[in-house]
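Trainee: Just passing along the structure, written as structure tokens.
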Amino acid sequence: MATPKIAFVESSLDGNSFEAQLAREAIQTLGDRADIIEVDYKDLPLLNADENFPDPDAALAIRDKFAEADAVWCFISEYKHNIPVAVKNLFDWLTTGNRQEAINGKPVAITSVGGFKGMFSRIQLGDLLEDNGMRVFPVEVGLSVPDDAFKSGDWVFDAGDIEAVRMQAADFLRFIELNEKH
1 MATPKIAFVE SSLDGNSFEA QLAREAIQTL GDRADIIEVD YKDLPLLNAD ENFPDPDAAL
61 AIRDKFAEAD AVWCFISEYK HNIPVAVKNL FDWLTTGNRQ EAINGKPVAI TSVGGFKGMF
121 SRIQLGDLLE DNGMRVFPVE VGLSVPDDAF KSGDWVFDAG DIEAVRMQAA DFLRFIELNE
181 KH
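In full-length UniProt numbering, the protein residues as written are 1 to 182.
Put into structure tokens, the structure is as follows:
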């Protein structure tokens with residue numbers, strides 16, 4: 001298999017969010033075993049069929065990034081026991097009309113920030129993506145942010161966090177390879 005291209009989606013649009021820090025750790029863990037496609041969707045308007053036809057440039061650019069990817073890895077936090085609105089909007093765009101072809105059948109991994117509480121968003125996002133034709137990787141990881149990180153804004157990953165991301169990355173790469181064979 002050629003080096004897989006993985007589209008990275010972070011639920012926070014802040015470049016130094018805990019999700020972004022976790023995504024950077026995953027990128028470092030993957031090393032040269034994958035090419036990363038960073039998905040910036042902050043300019044994507046809310047989906048509104050009456051106002052968004054034809055597709056705006058931001059939607060076309062995102063569709064093209066997902067079409068180029070072999071897989072998707074989502075780094076998500078929960079917001080009031082829900083998927084953050086921006087992430088829901090992103091996948092609403094990708095699951096309507098002919099844009100769904102860009103994600104249909106692709107493997108997707110989910111890693112959440114928030115430990116046990118992150119379970120709600122992992123379940124909801126997994127259900128949404130599976131219902132829309134993606135192959136959800138069954139090994140989800142939910143990591144807890146230490147209290148001191150909320151004060152400093154910097155999450156220093158402990159050995160257990162790093163190992164969880166390393167294991168998920170290795171297993172997800174195998175899942176992508178198996179997906180290619182089907």
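The beta carbon of each residue, even a glycine, is placed where N, CA and C say it ideally should be.
Using DSSP's beta-bridge definition, name the partner residues of Tyr79.
Mentor: On the sequence shown, residue 79 is found 79 positions in, with the first residue counted as 1. Tyr79 is bridged to Asn82.
Trainee: Give the secondary structure of Thr29 by DSSP, where H, G and I count as helix, E and B as strand, and everything else as coil.
Mentor: Sequence index remark: in the sequence shown, residue 29 carries index 29 (1-based). It is helical.
Trainee: Use the C-beta contact count for Leu46: other C-beta atoms within 10 angstroms, 16 or more gives buried, fewer gives exposed.
Mentor: Counting from one through the sequence shown, the residue named residue 46 turns up at place 46. It is exposed - the Cβ of Leu46 has fewer than 16 other Cβ atoms within 10 Å.
Trainee: Is Ile103 helix, strand or coil when you go by DSSP?
Mentor: Sequence index remark: in the sequence shown, residue 103 carries index 103 (1-based). Residue state, collapsed to three classes: coil.
Trainee: Counting only the same chain and skipping the five closest in sequence on each side, list residues whose C-beta sits under 6 Å from that of Asp35.
Mentor: If you number the sequence shown from 1, residue 35 lands on position 35. Thr3, Lys5.
Trainee: Is the region 167-181 close to the region 142-154, with three or more CB pairs under 8 Å?
Mentor: Judged by Cβ distances under 8 Å, the region 167-181 makes no contact with the region 142-154, as fewer than three pairs qualify.
Trainee: Count the CB pairs spanning the region 20-27 and the region 71-80 that are closer than 8 Å, and state whether there are at least three.
Mentor: The answer is yes - the region 71-80 touches the region 20-27, with three or more Cβ pairs under 8 Å.
Trainee: Could you tell me the alpha carbon to alpha carbon distance between Glu10 and Ser17, rounded to whole angstroms?
Mentor: Taking the first residue of the sequence shown as 1, we reach residue 10 at position 10. Taking the first residue of the sequence shown as 1, we reach residue 17 at position 17. Cα-Cα distance, rounded: 9 Å.
Trainee: Give the straight-line distance between the Cα atoms of Phe157 and Thr111, rounded to the nearest whole angstrom.
Mentor: Mapped onto the sequence shown, residue 157 falls at position 157. Mapped onto the sequence shown, residue 111 falls at position 111. When rounded, the distance between both Cα atoms is 14 Å.
Trainee: Sort out for me which residues DSSP pairs Ser112 with in a bridge.
Mentor: Along the sequence shown, read from residue 1 onward, the residue named residue 112 stands at position 112. Answer is Ile76, Gly142, bridged to Ser112.
Trainee: CB-CB under 7 Å to Lys80, same chain, minus the five flanking residues each way: which ones, in chain order?
Mentor: Within the sequence shown, residue 80 is the residue found at index 80, counting from 1. Contacts found: none.
Trainee: Excluding sequence positions up to five away, which residues of its chain have a Cβ less than 8 Å from the Cβ of Asp154?
Mentor: Numbered from its first residue, the sequence shown carries residue 154 at position 154. Excluding sequence neighbours, Asp154 sits near Gln21.
Trainee: Taking the beta strand (DSSP E) that Ala67 belongs to, which residues open and close that run?
Mentor: Locating residue 67 in the sequence shown gives position 67, counting from the first residue. Looking at the DSSP string, Ala67 is not in any beta strand (DSSP E); the run it does join, the alpha helix (DSSP H), is 57-68.
Trainee: To the nearest angstrom, how far is the alpha carbon of Asp171 from that of Glu163?
Mentor: By one-based count along the sequence shown, residue 171 stands at place 171. By one-based count along the sequence shown, residue 163 stands at place 163. Distance between the alpha carbons of Asp171 and Glu163 is about 12 Å.
Trainee: Can the beta-carbon of Gly133 be found less than 8 Å from the beta-carbon of Gln100?
Mentor: Here residue 133 refers to the residue found at position 133 when the sequence shown is read from its first residue. Here residue 100 refers to the residue found at position 100 when the sequence shown is read from its first residue. Result yes, Cβ atoms of Gly133 and Gln100 sit closer than 8 Å.
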